[in-house]
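Using full-length UniProt numbering, the first residue of the sequence shown is number 1, and each one after it goes up by one.
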Amino acid sequence: MLERIDNNIKVIDKIAILVSATIKIIRGFTIKLFLKKSNGFIFVGKNVSILNKHRISVGKNVKFEKNSEIQGLSSKGIIFGNNVTIGHTTMIRPSSYYGVGELGEGLIVGDNSSIGPFGYIGCAGFVKIGNNVMIGPRVSIFAENHNFSDIKSDIKSQGVNRKGIVIEDNCWIGSGVIILDGVKIGKGSVIAAGTLVTKDISAQSIVKDLRNSYTIHRK
Numbered sequence: 001m002l003e004r005i006d007n008n009i010k011v012i013d014k015i016a017i018l019v020s021a022t023i024k025i026i027r028g029f030t031i032k033l034f035l036k037k038s039n040g041f042i043f044v045g046k047n048v049s050i051l052n053k054h055r056i057s058v059g060k061n062v063k064f065e066k067n068s069e070i071q072g073l074s075s076k077g078i079i080f081g082n083n084v085t086i087g088h089t090t091m092i093r094p095s096s097y098y099g100v101g102e103l104g105e106g107l108i109v110g111d112n113s114s115i116g117p118f119g120y121i122g123c124a125g126f127v128k129i130g131n132n133v134m135i136g137p138r139v140s141i142f143a144e145n146h147n148f149s150d151i152k153s154d155i156k157s158q159g160v161n162r163k164g165i166v167i168e169d170n171c172w173i174g175s176g177v178i179i180l181d182g183v184k185i186g187k188g189s190v191i192a193a194g195t196l197v198t199k200d201i202s203a204q205s206i207v208k209d210l211r212n213s214y215t216i217h218r219k
């Protein structure tokens with residue numbers, strides 16, 4: 001493992017990295033036993049919470065950074081491909097932790113994709129994230145909307161509707177982006193930091209949010 005680390009890093013720092021990674025692998029072994037499927041090493045940071053593990057499938061070299069929370073309770077399960085990273089304090093939540101309300105659908109994250117720190121993935125509707133997708137810090141994804149058309153009833157009692165969200169391969173989602181239900185982001189697209197995404201984005205687009213309107217430049 002040490003030979004893969006940048007040669008500019010001092011040996012003492014390489015050793016510290018190796019020790020930290022080893023501790024995370026040990027934590028991962030205690031979780032692997034309860035997962036639906038696991039194909040390799042899992043790196044688990046401090047204070048990681050993984051619930052309903054029997055509904056979660058994990059590929060090789062998946063990393064759950066400290067304080068992240070993954071709720072597995074969903075109809076289609078939670079699936080992480082190879083070399084996936086779930087960032088510090090990121091929450092993945094398809095359903096209520098207590099089973100209240102409708103069961104959520106779940107999430108799939110493709111190979112070599114990462115979700116940055118402090119992210120929120122509300123996968124009550126199915127969320128599909130492709131391969132080689134980079135999702136920055138504090139990105140929020142909401143695959144569900146509350147119904148509210150009946151003004152005589154409480155919004156909470158009117159239920160929800162779900163269309164799902166798709167982020168295709170090789171996309172870069174910048175820091176602070178919010179993606180709402182029913183959206184498809186095409187392959188190779190870049191979504192600038194702070195953008196609110198409310199409609200489909202065609203492949204190979206660069207999207208900026210200027211005064212709540214889209215500016216799309218083809219590559």
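Where is the CB? At the ideal position from N, CA and C, for every residue including glycine.
Query	Result
Based on Cα-Cα distance, which residue from Ser75, Thr89, Asp111, Ile86 lies nearest to glycine 99?	Ser75
If you draw a straight line from the alpha carbon of glutamate 105 to that of lysine 60, how long is it in whole angstroms?	23 Å
Since glutamate 69 sits in a beta bridge, which residues does DSSP pair it with?	Ser49, Met91
For my contact list, glycine 116 and glycine 136 are in at a C-beta cut-off of 8 Å; report their separation, rounded to the angstrom.	5 Å
Determine the direct distance from the alpha carbon of leucine 180 to that of serine 149, and round the result to whole angstroms.	19 Å
Taking the alpha carbon of valine 103 as the reference point, which residue from Asn83, Asn161, Lys152, Asn131 has its own alpha carbon closest?	What sits at residue 103 in the sequence shown is leucine, not valine. Residue Asn161 is the option with its Cα nearest to leucine 103.
If you check the beta carbons only, do asparagine 47 and asparagine 67 fall under 8 Å apart?	yes
Restricting to runs no shorter than 3 residues, where is the beta strand (DSSP E) found entirely within the segment 139-204?	140-142, 165-167, 178-180
Apart from the five residues just before and just after glycine 182, which ones in its own chain have a Cβ nearer than 6 Å to its Cβ?	Lys163
Just to check my reading of the structure: valine 133 and isoleucine 167 have Cβ atoms closer than 8 Å, yes? What is that Cβ distance to the nearest angstrom?	6 Å
Thinking C-beta only, is glycine 188 closer than 8 Å to valine 177?	no
Can you say whether glutamine 71 is buried or exposed, counting buried as having 16 or more other CB atoms within 10 angstroms of its CB?	buried
Which residues bound the alpha helix (DSSP H) around valine 133?	Segment: none, valine 133 is in no alpha helix (DSSP H) and carries neither H nor E.
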